[in-house]
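Chains as they are written, first to last, in the working numbering: chain A, 1 to 314; chain B, 1 to 314; chain C, 1 to 243; chain D, 1 to 243.
Virtual Cβ for every residue (Gly too), placed ideally from N, Cα, C.
Only a predicted model underlies this, so the values are computations on that prediction, with no experimental measurement involved.
To start, the structure itself, in structure tokens.
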């Protein structure tokens with residue numbers, strides 16, 4: 001559906017190098033740390049900024065030089081960018097008014113989309129009086145009311161309270177069923193939960209592209225590091241070990257002494273309730289391990305660490 | 001050591017009502033949602049703002065009207081408030097210069113504390129060139145160099161990247177061993193990991209005060225809600241159930257049909273990797289459940305939910 | 001203490017600024033006479049008309065450049081910004097000399113003269129001066145406004161189907177309404193306040209400030225007070241709207 | 001298109017503002033004569049000395065009130081702020097009349113006169129006018145500065161053992177150094193630029209702008225050009241430092 005071909009762009013402090021990417025008609029996640037250039041990609045797709053080189057195709061048509069107003073891509077920026085002088089209703093109706101649709105048609109469509117997103121009762125309010133979640137729904141409604149060919153979401157949960165984040169993720173899943181979505185984020189949870197296709201972008205370069213399997217098997221060291229894996233060296237070979245795929249035990253608790261294990265010392269513990277994160281010093285490396293919340297190891301204790309799974313990084 | 005007696009204060013949009021609290025010489029956490037008035041308490045302790053009524057005692061002495069410059073309490077605000085026109089060294093030395101200490105003494109103490117906090121190599125830099133973590137260490141060093149009677153930390157990790165948050169928590173644990181700390185936060189992880197004494201503050205009122213057991217047994221509905229418990233009604237009695245103390249199974253997987261269980265339908269799933277958060281609709285309630293990351297339930301599936309532990313909330 | 005010294009100095013400053021104004025308003029002299037003096041009325045009308053004309057022109061040529069300055073970075077931008085500040089940097093009397101010298105000393109100036117655009121002792125000379133000294137206020141107000149308008153609003157408007165021009169008129173301009181109003185008031189106020197440059201270019205037709213100086217020189221303080229009080233009231237009204 | 005229209009209007013504005021200045025600098029007339037003309041030199045010295053004196057006074061009485069305004073909320077604060085803006089709101093010629101009427105018409109004014117503080121046709125009259133018109137610039141610059149200084153810096157300084165006064169002088173004031181400098185330049189520039197009020201209060205000793213008008217009236221445009229060019233250069237130098 002949407003295809004980027006060797007897109008490069010320098011923009012302010014960001015730099016995209018030679019991005020090629022073909023997205024299907026589903027929920028696509030662009031995942032990367034902040035500063036990776038994710039917003040630049042989305043702005044290139046909207047047409048607000050033009051790539052320095054490369055082409056963008058939509059359904060086979062070259063749209064690289066098409067101005068944004070002629071693409072009909074829905075765009076929801078990180079801060080939502082609601083028009084502050086217009087009511088929620090007028091925000092949503094804006095695009096249809098520009099297109100000269102009839103009052104009747106506008107009214108019907110605005111009400112439909114508001115009902116779908118549960119914002120009917122705030123239609124007369126001004127954006128500044130809304131909560132973060134309401135602002136976001138309004139911005140999404142404003143885009144969706146035009147039946148966009150695609151919906152572009154820039155870090156949709158970054159400006160929201162953590163308490164409503166999980167609801168929003170579930171909402172976005174529903175929206176993904178009615179329109180193709182490109183969603184950029186630095187949040188693994190969003191990527192895991194929502195992404196049918198996931199692209200990993202680090203330092204303006206595309207590092208991996210695939211389905212949620214890419215979380216399970218990082219292709220190289222850079223990705224493994226970004227995804228939070230431990231990088232360990234065993235018999236001169238490099239492996240990635242997920243913190244949750246380790247087992248930490250007191251030496252006397254070990255049942256099966258045949259399994260390969262490593263001696264270490266607990267350096268620090270952070271208690272997340274349901275689970276705990278330990279840093280265990282093994283030789284001179286610090287290995288992150290996740291244990292159950294009921295584990296009662298203390299800082300300074302000697303432990304044995306097992307790796308349930310190691311991913312070889314040639 | 002530090003004692004607040006019926007402290008009340010209205011300050012900007014915040015309001016403290018009648019706070020009484022006695023902190024020992026250890027690591028105290030004031031936990032509460034944003035807007036609960038936590039900062040107002042800490043500012044009252046520093047002496048920057050005066051309570052409208054009530055008294056503050058330190059080691060038995062009434063310090064309610066003592067100006068901040070005569071308390072010698074270390075204060076590290078949320079944004080660190082480093083003096084932007086001074087180098088790191090001068091920031092740390094500021095308090096000693098004000099006290100008219102000798103150049104030699106200042107030099108020695110600044111170097112000692114910088115070594116302890118690992119910031120020796122940035123002493124000549126200006127605050128604006130520092131990373132968040134370095135700024136925080138500088139602010140802590142600036143307070144600690146005066147051997148304060150107590151160290152007051154206002155949301156010390158709020159302005160930091162999540163990636164270094166866990167390290168900072170471990171550092172703070174070390175600092176807590178050399179000076180009594182009062183640390184305000186909205187973060188349960190910090191509270192669980194660091195707090196010897198924990199006070200829960202909601203809407204300017206003190207709701208509970210104790211050790212980390214208060215996470216396990218919320219005293220009332222308000223606290224249970226704040227701590228993320230499910231509030232459920234069973235046979236007309238109210239209970240709090242922790243999301244991690246639930247078990248969600250497919251009906252056919254249930255082994256022991258004698259256990260009390262509830263039928264529900266999975267409404268939404270958020271995938272955190274190591275674990276997943278499910279919302280399960282039971283009757284008209286939505287119950288948050290935490291399951292292992294390997295669980296493969298889908299949205300819309302019918303399930304049975306067990307509560308491993310229920311806390312009765314009269 | 002520290003505080004007391006600060007409060008005393010502050011009080012001193014406030015008295016210094018407010019007492020002359022209070023004294024003037026409480027002892028305005030013979031205002032009635034002034035109101036029925038056709039020369040006074042005429043001078044006020046000329047001041048208002050010239051300042052109003054200058055403000056409208058400033059609006060049309062000032063807003064476009066302030067939008068460009070707030071949205072684009074280009075080579076020589078700081079030179080452009082410096083040029084806009086010229087009228088604020090240069091003493092008023094000198095501005096009059098500058099404009100007059102340009103009018104008489106260059107072929108462009110003579111070109112204007114030959115097509116009948118006169119500035120010396122002419123209403124349009126007053127407008128020219130007022131526009132010259134007022135433009136920076138208009139441009140700076142509008143630019144401050146545009147800078148506060150989040151560019152993402154314009155971006156979103158374009159993705160919603162509005163062209164660049166439509167976006168400007170439907171989104172950007174309405175959002176800086178307040179800045180346009182305050183820029184206009186400042187330009188207008190700067191205009192009716194000007195006297196140094198007007199004395200050089202157009203002693204006639206007399207604007208209100210010129211008439212005040214004229215009366216003061218010919219008949220003394222008492223004669224100039226009533227017109228002054230009228231100007232004070234007018235200025236204060238303008239500034240209240242501004243705030 | 002949309003863009004072209006904007007660029008054309010912007011170019012028009014820039015030419016309108018810059019051409020008179022360029023013409024003046026390229027055709028300055030006989031500057032050499034002006035430099036050896038003792039009346040010119042004297043008038044420049046008087047302008048500089050008076051504006052400098054006014055700036056120093058403005059510094060001492062303007063900074064304290066700007067600190068109070070930036071840190072405290074109190075009843076009547078908006079009245080205080082309005083008073084500070086008086087000199088910006090009121091036409092310059094009227095300010096001269098106001099100050100003169102106060103000096104001659106009130107017991108406070110006569111009190112000053114009786115202790116020998118003269119303003120009419122006196123150096124101190126010029127200073128008084130320049131202080132009056134310049135104060136708002138000093139206060140507003142310093143207040144903007146103090147508002148940008150995070151109050152937590154002052155709070156932390158106090159927890160580190162510095163009293164309120166020490167904190168002001170060691171933390172707050174050094175941090176707004178740039179605002180103090182630009183406030184001073186603006187006050188100074190406003191002072192040397194003033195002419196309307198000075199014409200009323202102190203025609204003598206002649207400041208540079210008064211001399212420019214004087215020469216223009218007596219000998220015409222050519223005679224006033226060289227002094228004007230000197231003033232232009234001075235003003236541009238000042239504003240370059242400001243930026």
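is_contact[residue i, chain D] using C-beta, thresh 8 Å
i	result
residue 77(C)	no
For residue i, three-class secondary structure by DSSP
i	result
residue 71(A)	coil
residue 204(D)	coil
residue 313(A)	coil
residue 259(A)	coil
residue 288(A)	strand
residue 81(A)	coil
residue 194(D)	coil
residue 187(C)	helix
residue 144(A)	helix
residue 210(B)	strand
residue 1(A)	coil
residue 296(B)	coil
residue 120(C)	coil
Neighbour flag for residue i against chain A, beta carbons, 8 Å
i	result
residue 229(B)	no
residue 28(C)	no
residue 171(C)	yes
residue 155(B)	no
The ligand SAH heavy atom lying under 7 Å from the CB of residue i
i	result
residue 65(B)	The model on display carries no ligand, and the ligand SAH is accordingly not part of it.
Residue i versus residue j - alpha carbon distance
i	j	result
residue 128(D)	residue 127(B)	43 Å
residue 279(A)	residue 10(C)	59 Å
residue 151(B)	residue 143(B)	7 Å
residue 107(C)	residue 36(C)	45 Å
residue 70(C)	residue 143(C)	6 Å
residue 111(A)	residue 277(B)	33 Å
residue 211(A)	residue 218(A)	12 Å
residue 36(B)	residue 206(B)	10 Å
residue 164(A)	residue 122(A)	18 Å
residue 114(A)	residue 89(A)	9 Å
residue 4(D)	residue 56(A)	28 Å
residue 136(A)	residue 145(A)	14 Å
residue 147(A)	residue 7(A)	27 Å
CB contact check: residue i to chain B, cutoff 8 Å
i	result
residue 70(A)	no
residue 169(A)	yes
residue 271(A)	yes
residue 155(D)	yes
residue 315(A)	Nothing can be reported for residue 315(A), as the shown portion of chain A is limited to 1 through 314.
Proximity test, Cβ basis, 8 Å: residue i and chain C
i	result
residue 180(A)	no
residue 87(D)	yes
residue 65(A)	no
Beta-bridge partners of residue i, as assigned by DSSP
i	result
residue 237(B)	234(B)
residue 52(A)	Answer is none; residue 52(A) lacks a bridge partner.
residue 264(B)	303(B)
C-beta neighbour in chain E for residue i, strict 8 Å
i	result
residue 307(B)	Among the protein chains in the structure shown, which are A, B, C and D, there is no chain E.
Identify each residue in the segment 99–113 of chain A for which the Cβ-Cβ distance to at least one residue of chain C is less than 9 Å, and report them in chain order. 99
Along the segment 275–302 of chain A, what residues have a CB closer than 9 Å to any CB found in chain B? Hits within the stretch, in order: 275, 276, 277, 279, 288, 290, 293 and 299.
Residues of the segment 41–63 of chain D with a CB closer than 9 Å to any CB of chain B: list them in chain order, please. none
Note down, in chain order, all residues in the segment 128–145 of chain D with a beta-carbon under 7 Å from any beta-carbon belonging to chain B. Result list empty, no residue passes.
Mind checking the segment 186–208 of chain B against chain A and listing, in chain order, the residues whose C-beta falls within less than 8 Å of any C-beta there? 188, 189, 192 and 193
Below 8 Å between beta carbons is the criterion; list the residues of the segment 166–190 of chain D that meet it against any residue of chain B, in chain order. Answer set for the segment 166–190 of chain D: 166, 170, 171, 174 and 175.
To be precise: take each residue of the segment 129–143 of chain B, compare its Cβ to all Cβ atoms of chain D, and keep it if any distance is under 9 Å. Which residues remain? 139, 142 and 143
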